[in-house]
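Sequential numbering from 1 applies to the sequence shown in UniProt numbering. The C-beta atom is built at its ideal place from N, Cα and C for all residues, glycine as well. Model, not experiment: these values are computed from the prediction.
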Amino acid sequence: MVNYLLRRRYVAPEISFDLMIEILSRLPAKSLMRFKCVSKLWCCLIRSRYFSNLFMVSLSQPRPLALYMSLYMSLDLVRHYMCDSMEMYELLSLRLMSSSSSAESSLEPDLTFPGMGGYRMVSLRGLILFTICRKACIYNPATRQSLTLPAFKSNLFAQQEPYKHVHYFFGHDPVLDQYKIVCSVMIASSFSEMLFSEFWVFLLEPGGFWKRTEYDAQAHLPTRQGLCINGVIYYLAFNHTRRYHVYCFDVRSEDIRVIQAPHAVPQFCTSFGFIEHGGKPAIFDYSRITETGVSELWVLEVDGGIWSRKSLVLKLCQKHLVDDIDHNKKLIVHGTGENNEVILALTCPCYLFYYDLMKNDVRKVNINRVTTPHVCINVLDKCESIMYLEI
């Protein structure tokens, strides 16, 4: 009876707010989305930028790289690159079905997100940026939240020149913790003569809007997806000289610098990728890999334009992997995975190649249950974000 009364009188000490935050930051994103319904305090906390950053650095076990594939559910490839409704797209999350150490692994669709995806997908800190109808859309796979940015009013769209190119880039400033979407607009004549370029920047925060930035350099056409490394967006483009250059956009100051690409990079060649290698922008030239098994890696060592070069030769026991590729098909770089593995796929992929640049090793990964010919593949980094998207 006495013990019963003592238990009735015992009151557990209240958990401090700081300890509660620490516990919540270690929970899975799926659980946190449910806990927003507990109280208004918890909802405000979980949606705050402070907590989303704490969650990103508090993951006890970093999750493996996620692979996403955007499917275009139509046979009209021209409309795919011009404008179409979001109902024509599906975003698939792929999961590895066997050990990565096996000679041939396989990927299989895990989750399907109807009405999501698009071409030119870019991932940054757990968020995916893609383009539909010249509009930028952002999607958070962890929270299932999507956001379409408003259209900007560029005078170049009213010009009579037939070719108008719109490219979006995604950047993050680690000092001010700001996300920015950068848009490059370029118009060209019927003879592919570049005429004008404009730059527009959107700050991803409540009340954000498009603003045009001052840019005095020559018009140029981006040819590859951008990379955001340490607060700088790097992307590859060519200008009136018809030579490739690397354009460096500082996310915080919004200044642009131009670095000439190595002269050895073939002019108008499409068989190379612009990747991140060891925390630095790099050009991976694989134009001769099917014929000779040789590829070249150019790494930008200093922002002043110093490039280091490394030649890679496929092992004889792995040469058959690329020998079987039909010459009518083209390999495309879709990013880098774990351990600096370059991910390559055919234009109509039924499998991927993972090329480990450190070990000079290639492995083949099959893709199961995907029959749509027009796809866009994107590698989502290890970060998982619960950032609340609002403008």
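Would the beta-carbon of Phe130 be found less than 7 angstroms away from any heavy atom of the ligand PLP?
Absence of the ligand PLP is noted for the structure shown, with no ligands found whatsoever.
Please list the terminal residues of the continuous alpha helix (DSSP H) segment that includes Leu149.
Premise fails: Leu149 is in no alpha helix (DSSP H) and is neither H nor E.
To the nearest angstrom, how far is it from the Cα of Phe274 to the Cα of Leu236?
So the two alpha carbons sit approximately 7 angstroms from each other.
For Asn366, I'd like the list of residues in its chain whose CB is within less than 6 angstroms of its CB, leaving aside the five on either flank, ordered along the chain.
Hits under 6 angstroms: Ser106, Tyr351.
Residue range of the alpha helix (DSSP H) that Arg363 falls in?
Annotation: Arg363 is outside any alpha helix (DSSP H); the continuous beta strand (DSSP E) that includes it extends over 361 to 367.
Assign Tyr50 to one of two classes, buried (16 or more other C-beta atoms within 10 Å of its C-beta) or exposed (fewer than that).
Looking at its Cβ environment, which holds fewer than 16 other Cβ atoms inside 10 Å, Tyr50 is exposed.
Cβ-based burial, Cys183 [other Cβ within 10 Å; buried from 16]
By the 10 Å Cβ count, Cys183 comes out buried.
Going by CA-CA distance only, name the one from Pro114, Thr143, Ala136 that's closest to Arg34.
For Arg34, the closest C-alpha among the options Pro114, Thr143, Ala136 is that of Thr143.
Return the chain-ordered list of same chain residues with a C-beta closer than 6 angstroms to the C-beta of Met56, the five sequence neighbours on each side being excluded.
Cβ within range, chain order: Cys383.
What beta strand (DSSP E) runs, 3 residues minimum, are completely inside the segment 273 to 357?
Taking 3 residues as the minimum length, the beta strand (DSSP E) runs contained wholly in the segment 273 to 357 are 280 to 285, 294 to 302, 306 to 313, 331 to 336, 341 to 346, 351 to 356, in order along the chain.
Which first and last residues belong to the beta strand (DSSP E) in which Cys137 is found?
Start and end: 135 to 140.
Classify Glu22 as helix, strand or coil using the three-state DSSP reduction.
Here Glu22 sits in helix by DSSP.
Whole angstroms are fine: how far does the CA of Ile332 sit from the CA of Ser100?
Any reading at Ser100 must be qualified, since the residue scores a pLDDT of 48, below 50, and its modelled position is unreliable; the value itself is stated next. Answer to the nearest angstrom: the Cα atoms are 21 angstroms apart.
In whole angstroms, give me the CA-to-CA distance for Thr270 and Leu24.
Per the coordinates, the alpha-carbon of Thr270 lies some 47 angstroms from the alpha-carbon of Leu24.
With distances taken Cα to Cα, identify the nearest neighbour of Pro281 among Tyr234, Gln225, Ser48.
Cα-wise, what sits closest to Pro281 is Tyr234.
Taking a contact to mean a Cβ-Cβ separation below 8 angstroms, would you say residue 393 touches Leu147 in this structure?
Here the chain covers residues 1 to 391 and nothing more, so residue 393 does not appear.
Compare the beta carbon distance of Leu156 and Lys135 with 8 angstroms and say whether it is the shorter of the two.
The Cβ-Cβ distance between Leu156 and Lys135 does not fall below 8 angstroms.
Give the DSSP bridge partners of Thr112, in chain order.
DSSP, once it has assigned bridges, lists Leu92 as partnering Thr112.
How is Asn239 classed by DSSP in three states: helix, strand or coil?
Residue state, collapsed to three classes: strand.
How many whole angstroms separate the CB atoms of Asn239 and His220, which I take to be in contact at a CB cut-off of 8 angstroms?
About 4 angstroms separates the two Cβ atoms, so the contact holds.
Reduced DSSP category for Ile15 - H, G, I as helix; E, B as strand; rest coil
Here Ile15 sits in coil by DSSP.
Quick one: measure Cβ to Cβ for Leu129 and Tyr168, integer angstroms, because I've assumed they're closer than 8 angstroms.
Cβ atoms of Leu129 and Tyr168 come within 8 angstroms of each other, at about 6 angstroms.
Sub-8 angstroms separation of Phe272 and Cys228 beta-carbons
Going by beta carbons, Phe272 and Cys228 fall outside the 8 angstroms limit.
Nearest residue (CA-CA) to Asp323, options Asn339, Phe353, Phe202
Among Asn339, Phe353, Phe202, the Cα nearest to that of Asp323 belongs to Phe353.
Determine the direct distance from the alpha carbon of Gly231 to that of His172, and round the result to whole angstroms.
His172 and Gly231: Cα-Cα distance of roughly 6 angstroms.
Count the other C-beta atoms from every protein chain shown that fall within 10 angstroms of the C-beta of Asp285, then say buried if there are 16 or more, exposed otherwise.
It is buried - the Cβ of Asp285 has at least 16 other Cβ atoms within 10 Å.
Which listed residue (Val201, Leu204, Thr336) has its alpha carbon closest to that of Gln225:
Answer by Cα proximity: Thr336.
Compare the beta carbon distance of Ile21 and Lys36 with 8 angstroms and say whether it is the shorter of the two.
No; because the gap between Cβ atoms is not below 8 angstroms, this pair is not in contact.
For Ala264, three-class secondary structure by DSSP:
DSSP places Ala264 in coil when its eight states are reduced to three.
If distances are taken between C-alpha atoms only, which option among Gln145, Ile187, Leu96 comes closest to Tyr388?
The shortest C-alpha separation from Tyr388 is found at Gln145.
Between the segment 173 to 181 and the segment 242 to 259, can you find at least three pairs of beta-carbon atoms closer than 8 angstroms?
With a cut-off of 8 angstroms, the segment 173 to 181 and the segment 242 to 259 count as touching, because enough Cβ pairs lie within range.
Spatial neighbours of Glu276 within its chain, please: C-beta separation below 8 angstroms, excluding the five flanking residues on both sides.
In chain order, Leu227, Ile229, Ala282, Thr336 place their CB closer than 8 angstroms to the CB of Glu276, counting only its own chain and leaving out the 5 sequence neighbours on each side.
What span of residues does the beta strand (DSSP E) with Ser197 cover, start to end?
Unbroken beta strand (DSSP E) run through Ser197: 194 to 203.
Checking the sheet assignment: what are the DSSP bridge partners for Ile259?
Beta-bridge pairing links Ile259 to Val246.
Which residues mark the beginning and the end of the alpha helix (DSSP H) in which Ile386 is found?
Premise fails: Ile386 is in no alpha helix (DSSP H) and is neither H nor E.
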